[in-house]
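Asker: Below is one structure. I have some questions about it.
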Amino acid sequence: MSKRDELIAKYADNLKNKVGETPDMDLLTKVTVGLGPSIYNADAETVSGSDDSELATVKNNFLIKKLGLSDSPALDEAIAKVMEQYGKSNRNKYRAVVYYLLTKHFNKESVY
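In the numbering used here, the protein residues as written are -15 to 96.
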């Protein structure tokens, strides 16, 4: 099993056990591949739910640039909802899982 496959399995486990959602493995794999080498960097692999600059990066680089959404309060609300869904007490919020949940939230699976 490759390192990427191991990480995808870990993300799928997070979705099942911490979010309570059965993952669409095809979409999860595409989101993970889309993140490129950042998934292998311990700092870049996770999203800090309490860091405003980190959340702004998710909004600008992922929601606006990647998914092509317009900037609006709905983006911030979706990020807050995903952070709540993932669990505020959960320290390791994996970027691939957060992006997967946001992609599902906005029904933007077609981007992948």
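Glycine included, each C-beta is placed from N, C-alpha and C at the ideal position. Here the structure is a predicted model, which is why all the values come from computation and not from measurement.
With distances taken from CA atoms, which of P7, A28 and S32 is nearest K72?
Answerer: Here the closest residue by C-alpha is S32.
Asker: Going straight from the alpha carbon of V3 to that of Y(-5), what length do you get?
Answerer: C-alpha separation (whole angstroms): 11 Å.
Asker: Just to confirm, are L59 and I23 a CB contact at a threshold of 8 Å?
Answerer: No, the Cβ-Cβ distance between L59 and I23 is not below 8 Å.
Asker: Does any heavy atom of the ligand MG sit closer than 7 Å to the C-beta of L39?
Answerer: For the ligand MG, the structure offers nothing, since it holds no ligand at all.
Asker: Within a Cβ cutoff of 6 Å, which residues of the same chain sit near E5, ignoring the five residues on either side of it in sequence?
Answerer: L(-1).
Asker: Who does Y78 pair with in a DSSP beta bridge?
Answerer: T30, per the DSSP bridge assignment.
Asker: Between G18 and D27, what straight-line distance do the alpha-carbon atoms span, to the nearest angstrom?
Answerer: Distance between the alpha carbons of G18 and D27: 17 Å.
Asker: Can you give me the start and stop residues for the alpha helix (DSSP H) that T13 sits inside?
Answerer: Element bounds for T13: M9 to G18.
Asker: Nearest CA to the CA of A64: which residue from Y83, G52, T16 and D(-3)?
Answerer: The shortest C-alpha separation from A64 is found at Y83.
Asker: Between the Cα of E146 and the Cα atoms of D55, N44, K43 and S34, which residue gives the shortest distance?
Answerer: Lying outside -15 to 96, the shown extent of the chain, residue 146 is not represented and no answer is given.
Asker: Does the Cβ of A105 have 16 or more other Cβ atoms within 10 Å, making it buried, or fewer, making it exposed?
Answerer: Residue 105 cannot be examined here, being either before or after the span of the chain that is shown, -15 to 96.
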